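Report on the following structure.
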Amino acid sequence: MPFKIIASQCTSCSACEPLCPNVAISEKGGNFVIEAAKCSECVGHFDEPQCAAACPVDNTCVVDRALPRYQAPV
Amino acid sequence: MQSITEHKGCRASAKTGRASCGSQAGRGDLPVEIWERVKNHPCYSEDAHHHYARMHVAVAPACNIQCNYCNRKYDCANESRPGVVSEKLTPEQAVRKVIAVATTIPQMTVLGIAGPGDALANPAKTFKTLALVTEAAPDIKLCLSTNGLALPDYVDTIVRAKVDHVTITINMVDPEIGAKIYPWIFFNHKRYTGIEAARILTNRQLQGLEMLSERGILCKINSVMIPNINDDHLVEVNKAVTSRGAFLHNIMPLISVPEHGTAFGLNGQRGPTAQELKTLQDACEGKINMMRHCRQCRADAVGLLGEDRSAEFTSDQVMKMDVHYDLEMRKAYQKRVENERVSKVAAGQKELAGVSGEMSAITVLVAVATKGSGLINEHFGHANEFQLYELSTSGAKFVGLRRVEGYCQAGYGEEDRLSVIMRDIRDCHAVFVAKIGGCPKSGLIKAGIEPVDQFAYEYIEKSTIAWFRAYVGKVKRGEIQHVQRGVPPRWPGDRISAA
Ligand code: SF4
Ligand code: SF4
Ligand code: SF4
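Chains as they are written, first to last, in our numbering: chain D, 50 to 123; chain Z, -1 to 497.
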């Protein structure tokens, strides 16, 4: 459940929104946000996370390392 | 674009137009049915842009490729001027705005969807807007602009939506060159980079162009001229698109400054000089009409080319306006404009008949200050662009625009402002204005540019040809000597480095 959009870099272009297979992305007050609980990293749907692949600003749709799954030691 | 004007001339005055028809033959004269479709389109017909207005609505923010001359914080640099941001609209807001503008500006005949991103990367919003407009204002022509990547998938939808014209931005037909312009594309749920990305893009663009041509949709090709990357190659592009049925090619200069934050802006890629641009346009002319009056307007531009009234039609204002669509009023207005165009062309033809007997190899460039309608109707001091006409015994040919930017802003003294203008039109023999003050007048004369104000509020073609006739006469009688003027200035985008 790990992608998030860095709000300060997002241009609100909406490119990511219709691409998400889980309808996890929506516009909230002019900003695009990912609902973490719905995001599957596109696993099972596509080879690449669609939001990150389509986003015109590098490193704006990124893995949210604040989430528990990424904090656990490997 | 002269051929379009001339074409009109032929039809307007079947007999008197002969001389110029003959001399224009082979310059890609448009078939009658195409002329009928483009004659009121300000972007497609140089003559129409004096009389008719277009508007863009910014309903398409997303894009599916990345161009090195675009910073996606701003509008699509393919279709708009780089570095501007448009107010994003929903389809419903957009149609309200269209009706408000159409009611206020009866010469608005064309609606375009050109971003801020790619019209076809936002298919739902784009086609919804077109459908709503068709319903509310059926006389408005529709056009859209695209980078072409998604085009083959939407050809049927475009035909069904009754789109008249499509603009495709094609900067290369060679993937090796494409790789230097496009860092990546997003296609079939995957991001492609490098030569592979460029190969997919060029194949899709050309396929889409062919499909549209087959369906009888007029296609204009935009190309951004990027020195040392695709400048020579654009001649190839011109051939490739001509053979696939494009009817107009618009080569635009790369506008590149670091402030826009584009890849090219940041790595110091320069734009072409005005002369380089003109040379390339000339090299491509012949097989296809070249467009020379493009202002690279913004995605929410409103009004005649070169003017932007978008500030009058922000969402807030549009919501407050009483929008009632008056088709009859619009038709009456357009009829008046048609009559005026016919008399304008006839006047020019008549004047031309006077010089066509003269044998003279002289060609001179002149600058004209105009606000539209084909008239010399702008004051020298108010002009922020000049139209350039090349005069010869075969007539007055519109060859481009010179923007004189910056000088209106605070911080420039009167003196500076004049020298900026003089630098920007230093390859011209004369400048035609509605009015000019004493100071700039003597400054221009000193610089060897003749200020001409005796044709104030008269037709451009007729007046410039009359002046040219007198000029050639003076040269013949030995009163003056014809000299070639200096080299043209660099493109405004380059001014920072040039100054
Ligand atoms: S990674 Fe995939 S599932 Fe997650 S938000 Fe992005 S598009 Fe949706
Ligand atoms: S694609 Fe990127 S820039 Fe555009 S809305 Fe989504 S996160 Fe923002
Ligand atoms: S197609 Fe237009 S919006 Fe998309 S990246 Fe290129 S210039 Fe920008």
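C-beta: ideal position from N, C-alpha, C; glycine also. The structure presented is a predicted model; accordingly, all values stated were derived computationally and were not measured.
Residue environment, G284/Z, which counts as buried when at least 16 other CB atoms sit within 10 Å: As a first step, residue 284/Z must be located in the second sequence, where it is residue number 286. With fewer than 16 other Cβ atoms within 10 Å, it is exposed.
E456/Z classed as buried or exposed, judged by whether at least 16 other C-beta atoms fall within 10 angstroms: Residue mapping note: residue 456/Z aligns to position 458 of the second sequence, counting from 1. Looking at its Cβ environment, which holds 16 or more other Cβ atoms inside 10 Å, E456/Z is buried.
Proximity test, N71/D beta-carbon vs ligand 1 heavy atom, cut-off 7 Å: By one-based count along the first sequence, residue 71/D stands at place 22. Correct: N71/D has its Cβ closer than 7 Å to ligand 1.
Cutoff 6 Å; reference K439/Z; Cβ partners in own chain excluding five residues on either side: Taking the second sequence and counting its residues from 1, one reaches residue 439/Z at position 441. Taken in chain order, the residues that qualify are P449.
C-alpha gap between D422/Z and Q385/Z, whole angstroms: Within the second sequence, residue 422/Z is the residue found at index 424, counting from 1. Within the second sequence, residue 385/Z is the residue found at index 387, counting from 1. D422/Z and Q385/Z: Cα-Cα distance of roughly 12 Å.
Contact test: P438/Z Cβ vs ligand 2 heavy atom, cutoff 7 Å: As a position in the second sequence, residue 438/Z is number 440, starting the count at 1. Not so, every heavy atom of ligand 2 lies at least 7 Å from the Cβ.
Sufficient close CB pairs (3 or more, under 8 Å) joining the stretch 194 to 203 of chain Z to the stretch 250 to 258 of chain Z: no
Straight-line gap, L116/D to A281/Z (C-alpha atoms, nearest Å): Within the first sequence, residue 116/D is the residue found at index 67, counting from 1. Within the second sequence, residue 281/Z is the residue found at index 283, counting from 1. So the alpha carbons of these two residues sit roughly 59 Å apart.
Inter-residue CB distance, Q203/Z and I166/Z (contact presumed, cutoff 8 Å): Within the second sequence, the letter at position 205 stands for residue 203/Z. Within the second sequence, the letter at position 168 stands for residue 166/Z. That belief holds up - the Cβ atoms of Q203/Z and I166/Z are roughly 6 Å apart, short of 8 Å.
Environment of M250/Z [buried if 16+ CB atoms lie within 10 Å]: For the purposes of this step, residue 250/Z is taken as residue 252 along the second sequence, with counting starting at 1. Result: buried.
Beta carbon of C100/D nearer than 8 Å to that of C62/D: Sequence index remark: in the first sequence, residue 100/D carries index 51 (1-based). Sequence index remark: in the first sequence, residue 62/D carries index 13 (1-based). Taking 8 Å as the Cβ cut-off, C100/D and C62/D do not qualify as a contacting pair.
Segment contact, 8 Å Cβ cut-off, at least three pairs: the stretch 146 to 164 of chain Z with the stretch 118 to 138 of chain Z: yes
Minimum Cβ-Cβ distance from F95/D to chain Z less than 8 Å: Along the first sequence, read from residue 1 onward, the residue named residue 95/D stands at position 46. So, interface residue.
Cβ pair V366/Z, F430/Z closer than 8 Å: Counting from 1 along the second sequence, the entry for residue 366/Z is found at position 368. Counting from 1 along the second sequence, the entry for residue 430/Z is found at position 432. Their beta carbons are under 8 Å apart, which means V366/Z touches F430/Z by this criterion.
Y503/Z and T101/Z closer than 8 Å at C-beta: Since the first residue shown for chain Z is -1 and the last is 497, residue 503/Z is missing from the structure and cannot be characterised.
According to DSSP, residues forming a beta bridge with N220/Z: In the second sequence, the residue the question calls residue 220/Z occupies position 222. According to DSSP, which records beta bridges pairwise, N220/Z is partnered with T167/Z, N248/Z.
C-beta atoms of F52/D and V92/D nearer than 8 Å: Position 3 of the first sequence, counted from the first residue, corresponds to residue 52/D. Position 43 of the first sequence, counted from the first residue, corresponds to residue 92/D. For F52/D and V92/D, no; Cβs fall outside 8 Å.
Any non-hydrogen atom of ligand 1 within 7 Å of E194/Z CB: Sequence index remark: in the second sequence, residue 194/Z carries index 196 (1-based). Incorrect: E194/Z has no Cβ contact closer than 7 Å to ligand 1.
Within chain D, the residues that P89/Z reaches when beta carbons sit closer than 7 Å: Here residue 89/Z is taken as the residue at index 91 of the second sequence, counted from 1. The contacting residues do not exist; P89/Z stays about 13 Å from chain D at best.
Within chain D, partners of A60/Z - CB distance below 7 Å: To locate residue 60/Z, count along the second sequence from 1; it is residue 62. Here the neighbours are C62, S63, A64.
A100/Z beta carbon near ligand 4 (any heavy atom closer than 7 Å): Although ligand 4 was asked about, the structure shown includes only ligand 1, ligand 2 and ligand 3 as ligands.
Residues of its chain near A92/Z, where Cβ-Cβ distance is below 6 Å and the 5 sequence neighbours each way are ignored: Translated into the one-based positions of the second sequence, residue 92/Z becomes position 94. So the list reads V55, V57, T127, once near-sequence residues are dropped.
Separation of A117/Z from A103/D, as counted between CA atoms: One-based indexing of the first sequence puts residue 103/D at position 54. One-based indexing of the second sequence puts residue 117/Z at position 119. Using only the alpha carbons, I get a separation of about 16 Å.
A73/D at chain Z interface by Cβ criterion, 8 Å: Residue numbering aside, residue 73/D sits at position 24 when the first sequence is read from its first letter. Not an interface residue.
Whether C65/Z touches Y180/Z by CB criterion (8 Å): Here residue 65/Z refers to the residue found at position 67 of the second sequence. Here residue 180/Z refers to the residue found at position 182 of the second sequence. The answer is yes: Cβ separation under 8 Å.
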